[in-house]
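The sequence shown lines up with residues -2 to 616 when you count with this note's numbering.
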Amino acid sequence: MAIRLLDDATAARIAAGEVIERPASVVKELVENALDAGATRIDIEIDGGGSELIRVVDDGAGIAPGELELAFKRFATSKVDATSDLLGIATLGFRGEALPSIASVSRVEASSRPAERDAGERLLLEFGERQEFGKTGVPAGTSIAVRGLFSNVPARRKFLRSPGAELGRIQSLVTSYALVRSDVAFRLSADGRQRLVTPGGGDLRGAVAGAYGARIAESMLEIPEAEPFSDGAPAAFAVGGLTGAPSISRGNRGFITLGVNGRWIQSRRITYAIEQAYHGFLGERRFPIVIVLVRVPLNDVDVNVHPAKTEVRFLREDLVFREVQRPVRSVLIANTPVPTFRPTTPSHTFAGVGGPSGVSVGGSGSGAGGRPVASAPRTDLEQNPLWPSRHEAVPPSEVGAGPELDSGSAGSSAFQPAGDPGQTQRETLPVLRMIGQAQEMYLIAEGPDGVYLIDQHAAHERVRFEEITKALNTGAPDAQQMLEPEPVALDPRQEELLADQGDLIAGMGFVVEPFGPGTVLIRAIPRMLADRTSAAGDAFRGLLDEVASGGRHDAWRERMIATLACHSSVRAGMRLTDDEGRALLRSLEKAEQPHTCPHGRPTMIHMSQPDLERGFGRR
């Protein structure tokens, strides 16, 4: 085939694919144009997930008379010129490609009026071709309606996801900008329902309340910005925003919102800095709710990296990393202090075991999850109310009680895990005699081969996991109606997941229905949660988090079952009667893999008769 120039229409449709990937891309470009125009209020209306209608209305400066049609020409922009430094761009848009790209793959109605003008202009375009143009009476600002997106590009349209999924992406995007630009009031409605409202006026906590709910907004901790210079000028580099207490963590990174000079961005480097700031405060696979707003000199950041303009490069990346991590961590330490330990004299140790210090009985003698650790002085743990309860398991990395004993060395420890956590064949457990409960966390039991210390939550989790797995493998989930249906607030990403994977969630025994913007109503729950209805909302969100983590469907299923098992099990800190303890032991004896919980933690520590005798110097 001979080389030839593409016609303008074909070239425009190809170019549009680089800028406009899906309905959320259209919303992003139009919202950014509104922000560049100085808008204080932006209304977004969506129908059919954005494929039928996207309308963005703002109260910004408007487009000057005679320039509305020019704005839809390729590479036409008021934001940069030949003398502009592309390394110091202050506006969100600058390429002059968004509006012509949108117009080439849709039907566009645009109207605009500057506040100082009596009349505005109205323009109708169909796939880039002008249909109508003239003066009209319109409110001050700009209104752009996009209909039939990708209707002239069927190949792209068929790759769009469901309307609910596309709406979820749009809501997530609008939420991000509403948090980054709290000075602007945002309103998002979809199919006649209001989905998001924020107050504007610089009220960041109010924006969080509009996006995530009042409970989360109230629990956020303020990141203080750097003090201004003596002359009153703001610092060239500053970090502000809100960071969530560890008690409101989530199972994915979707709640980490980043802004640089008023631009919503995605940055692995800054995200990693935030995660490092939370090191020791959150458990494995838990992520914070954070809004971090960074101000840097314009010449220190390059936004001209990708057509989507969500990726940026920093001239001094290490400085950004440090300056983000430090204030976030400082706020966490100030409001959620790391547990402090006051050494006291150990009451008793096993002599000659586990090195010079021995292994202590109780107290610090065993790490989180029942894992044996080298002896350390017994401690009193001082906790802030925001820190997890002393009865909740804390990862050993957060406690720092000492190095683990080498269980692979013969005779190195009086405490050895009972069984191999990695074995997949049926494991056996002897008949155990209940002796009592310690610290409302551990069951003490005697067997023919020694003494067992059993983590009640981990053990019940294993029992529940196998019960749920068996029930799901043999039939439909056993659901129970709730006496009082529970409303659960969902973020945009969770709404998207529910729209796409609702059948998977229902397969676990949850029956939910829409209940207002960003909220669903739980009407039925898996029967194993019947005695823990207060955990229904957390369990439901936990399932969505597991779906969000990705992977194969069978891996999702196993993790979701583990999540249900966790939320339906007895907790550390619950006092069990002797009958309840014995019933748990009988169930654990029947389990296929009684020695580990579904997450891999040991359920018990075994002290054999010879180990006890050696520990007490009888051998």
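For glycine and all other residues, C-beta sits at the position ideal for the given N, C-alpha and C.
To the nearest whole angstrom, what separates the beta carbons of residue i and residue j, a pair I think is in contact under 8 angstroms?
| i | j | result |
| --- | --- | --- |
| residue 36 | residue 57 | 4 angstroms |
| residue 207 | residue 193 | 6 angstroms |
| residue 619 | residue 582 | For the chain, the structure presents residues -2 to 616; residue 619 sits outside this window and is missing. |
| residue 245 | residue 264 | So it is not a contact: roughly 22 angstroms between Cβ atoms. |
For residue i, count neighbouring C-beta atoms within 10 Å of its own C-beta (all shown protein chains included) and say buried if the count is 16 or more, exposed if not.
| i | result |
| --- | --- |
| residue 608 | buried |
| residue 103 | buried |
| residue 294 | exposed |
| residue 491 | buried |
| residue 606 | exposed |
| residue 276 | exposed |
| residue 428 | exposed |
| residue 610 | exposed |
| residue 296 | exposed |
| residue 128 | exposed |
| residue 159 | exposed |
| residue 249 | buried |
| residue 470 | exposed |
| residue 118 | buried |
| residue 138 | buried |
| residue 475 | exposed |
| residue 282 | exposed |
| residue 182 | buried |
| residue 363 | Note on residue 363: pLDDT 37, under 50, position unreliable in the model; no value is reported. |
| residue 315 | exposed |
Compare the C-alpha of residue i against each of the options and name the closest.
| i | options | result |
| --- | --- | --- |
| residue 599 | 454, 613 and 489 | 454 |
| residue 309 | 300, 316 and 160 | 300 |
| residue 562 | 258, 291, 537 and 578 | 537 |
| residue 435 | 481, 575 and 298 | 575 |
| residue 106 | 144, 27, 584 and 528 | 144 |
| residue 187 | 112, 41 and 116 | 41 |
| residue 489 | 73, 196 and 169 | 169 |
| residue 26 | 237, 0 and 100 | 100 |
| residue 131 | 121, 139 and 476 | 121 |
| residue 528 | 477, 430 and 503 | 477 |
| residue 164 | 211, 589, 22 and 500 | 22 |
What residue does the alpha helix (DSSP H) around residue i start on, and which one ends it?
| i | result |
| --- | --- |
| residue 271 | 265 to 274 |
| residue 519 | Per DSSP, residue 519 belongs to no alpha helix (DSSP H); it is in the beta strand (DSSP E), 516 to 523. |
| residue 203 | 201 to 209 |
| residue 168 | 160 to 177 |
| residue 536 | 533 to 545 |
| residue 433 | Per DSSP, residue 433 belongs to no alpha helix (DSSP H); it is in the beta strand (DSSP E), 430 to 435. |
| residue 297 | Premise fails: residue 297 is in no alpha helix (DSSP H) and is neither H nor E. |
| residue 20 | 20 to 33 |
Taking the Cβ atom as the reference point for each residue, do residue i and residue j lie within a distance shorter than 9 angstroms?
| i | j | result |
| --- | --- | --- |
| residue 592 | residue 604 | no |
| residue 68 | residue 32 | no |
| residue 59 | residue 110 | yes |
| residue 437 | residue 569 | yes |
| residue 512 | residue 594 | no |
| residue 258 | residue 205 | no |
| residue 271 | residue 317 | no |
| residue 280 | residue 256 | no |
| residue 516 | residue 484 | yes |
| residue 173 | residue 54 | no |
| residue 234 | residue 291 | yes |
| residue 284 | residue 253 | yes |
| residue 328 | residue 221 | yes |
| residue 162 | residue 496 | yes |
For residue i, report the span of its beta strand (DSSP E) as first-last.
| i | result |
| --- | --- |
| residue 452 | 447 to 452 |
| residue 110 | 104 to 110 |
| residue 58 | Premise fails: residue 58 is in no beta strand (DSSP E) and is neither H nor E. |
| residue 614 | No beta strand (DSSP E) contains residue 614, which DSSP labels as neither H nor E. |
| residue 132 | 126 to 133 |
| residue 498 | Taken as a continuous stretch (DSSP letters only), residue 498 belongs to no beta strand (DSSP E), being part of the alpha helix (DSSP H) at 489 to 503. |
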